[in-house]
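First comes the structure, then the notes that go with it.
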Amino acid sequence: MNEMIHKMEQHVSVRKYKKESIPKDVVEKMVYAAQHAASSHFVQAYSVIYVTDQELKAKLAELSGNRHVKDCAAFFVCCADLKRLELACEKHGTEIKHEGVEDFIVATVDASLFAQNLALAAESLGYGICYIGGIRNNPKEVSELLHLPDKVYPVFGMTVGVPDEEHGIKPRLPVAAILHENGYDEKKYDELLNEYDETMSAYYKERSSNQKNVTWTESMSSFMSKEKRMHMKEFLSEKGLNKK
């Protein structure tokens, strides 16, 4: 099998790390590799905050509700960033039209593509990673701590380090549930989701930790029926993003 594809298929979220640091030059190489992700119109509308200060990491761990933020070797906060583009416009006497949903989507997607490249770079070097969506639990406080200006918002964090735990790989949805040919086909979901529920039910019961008796659709039904981070709309508007 292709080595890169094999590495991608081995991904697991790592939340416990050994007390081994990551050299600064390795961090810079990972970030440089991540920068080669695709970018809409080459706007490169993202920035990443590399957090090394232990006190700051502890505060971010508390705000995000993720203890391993404090204990990881490297913590990154991946941000959608339209500030740099605003400055580029000012340099040439124009005004950026960045309050609409399209530019917001572009910046968010750019940050996400960068982050996935960063994850792949880290994992290719033997490190483990975990995305931290909890960084959006308190986005205003996080922005203040990291001195994020208007037109920049934290999309998610990422912990990186040498893994100090082993996890089985979660079974993904069958390819047939994801891959649609020549148009969207929801008719196939009944059978595919029933099969996947059986697969995930067995996985949840047999995994080494946090066993539970639940199917995937039950878990998603519970998760999706709850309101989540309703403060984000107002926060983004205050940041000058997604207003139109």
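Going by full-length UniProt numbering, the first residue of the sequence shown is number 1, and it counts up by one from there.
Even for Gly, the Cβ is constructed at its ideal location relative to N, Cα and C.
Just so it is clear, the structure is predicted and the values come from calculations on it, not from any experiment.
Please state the DSSP three-state secondary structure of residue 101. By one-based count along the sequence shown, residue 101 stands at place 101. Residue 101 falls in the helix class under three-state DSSP.
Let me know the secondary structure DSSP gives residue 49 once reduced to three states. Here the question's residue 49 lines up with position 49 in the sequence shown. Residue state, collapsed to three classes: strand.
Based on Cα-Cα distance, which residue from 120, 192, 218, 142 lies nearest to residue 6? The residue labelled residue 6 in the question sits at position 6 within the sequence shown. The shortest Cα separation from residue 6 among 120, 192, 218, 142 belongs to 120.
Would you kindly work out how many angstroms separate the C-alpha atoms of residue 226 and residue 218, rounded to a whole number? Taking the first residue of the sequence shown as 1, we reach residue 226 at position 226. Taking the first residue of the sequence shown as 1, we reach residue 218 at position 218. Spanning the two alpha carbons is a distance of roughly 13 Å.
CA-CA distance, residue 144 and residue 210? The residue you call residue 144 lines up with position 144 of the sequence shown. The residue you call residue 210 lines up with position 210 of the sequence shown. Per the coordinates, the alpha-carbon of residue 144 lies some 35 Å from the alpha-carbon of residue 210.
Kindly give me the distance between the Cβ atoms of residue 22 and residue 74, rounded to whole angstroms, as I take these residues to be in contact under 8 Å. Reading the sequence shown from its first residue, position 22 is the one you call residue 22. Reading the sequence shown from its first residue, position 74 is the one you call residue 74. In this structure residue 22 touches residue 74 by the C-beta definition: roughly 5 Å separates them, less than 8 Å.
Any contact of the segment 191-208 with the segment 162-176, i.e. 3+ C-beta pairs under 8 Å? Judged by Cβ distances under 8 Å, the segment 191-208 makes contact with the segment 162-176, as three or more pairs qualify.
Kindly confirm or deny that the segment 105-112 and the segment 42-62 touch, where touching means at least three C-beta pairs closer than 8 Å. Yes: at least three Cβ pairs fall under 8 Å.
Taking the DSSP output, what are the residues bridged to residue 163? Here residue 163 corresponds to residue number 163 of the sequence shown, with the count starting at 1. As DSSP reads the structure, residue 163 sits in a beta bridge with 17.
Could you pull out every unbroken alpha helix (DSSP H) segment of at least 4 residues lying fully inside the UniProt domain "Nitroreductase" (10-161), listed in chain order? 24-34, 54-64, 68-71, 83-91, 101-124, 139-145, all fully within the UniProt domain "Nitroreductase" (10-161).
Per-residue DSSP class, three states only, for residue 180: For the purposes of this step, residue 180 is taken as residue 180 along the sequence shown, with counting starting at 1. Residue 180 falls in the coil class under three-state DSSP.
State the start and end residues of the unbroken alpha helix (DSSP H) segment that holds residue 246. Beyond the ends of the chain as shown, which are 1 and 244, falls residue 246; an answer cannot be given.
On a Cα-Cα basis, can you pick out the residue from 9, 190, 116 that is closest to residue 38? In the sequence shown, counting from the first residue as 1, residue 38 sits at position 38. When only C-alpha atoms are compared, the closest one is 116.
Evaluate the contact criterion for the segment 63-72 versus the segment 97-107: three or more CB pairs, one atom per stretch, below 8 Å. Between the segment 63-72 and the segment 97-107, the count of Cβ pairs shorter than 8 Å is below three; the stretches do not touch.
Would a C-beta distance cut-off of 9 Å place residue 163 and residue 196 closer than the cut-off? What you label residue 163 is simply residue 163 of the sequence shown in a count that begins at 1. What you label residue 196 is simply residue 196 of the sequence shown in a count that begins at 1. If you check the CB distance, residue 163 and residue 196 do not come in under 9 Å.
Own chain partners of residue 236 with C-beta closer than 6 Å, once the 5 adjacent residues on each side are dropped: The residue you call residue 236 lines up with position 236 of the sequence shown. These residues qualify, in order along the chain: 242.
Using the beta-carbon count (16 or more within 10 Å), is residue 24 buried or exposed? Walking along the sequence shown from the start, residue 24 turns up at place 24. A residue is called buried once 16 or more other Cβ atoms fall within 10 Å of its Cβ, and residue 24, having fewer, is exposed.
Could you tell me the alpha carbon to alpha carbon distance between residue 35 and residue 102, rounded to whole angstroms? In the sequence shown, the residue the question calls residue 35 occupies position 35. In the sequence shown, the residue the question calls residue 102 occupies position 102. Rounded to the nearest angstrom, the two C-alpha atoms are 21 Å apart.
Is the shortest distance between the beta-carbon of residue 160 and the beta-carbons of chain B less than 9 Å? Of the protein chains in the structure, only one exists, and it is not chain B.
Limits of the unbroken alpha helix (DSSP H) element including residue 191: Taking the sequence shown and counting its residues from 1, the one referred to as residue 191 is at position 191. Unbroken alpha helix (DSSP H) run through residue 191: 189-206.
Three or more C-beta pairs under 8 Å: does that hold for the segment 143-159 against the segment 75-84? Using a C-beta cut-off of 8 Å, the segment 143-159 makes contact with the segment 75-84, since at least three inter-stretch Cβ pairs fall below that distance.
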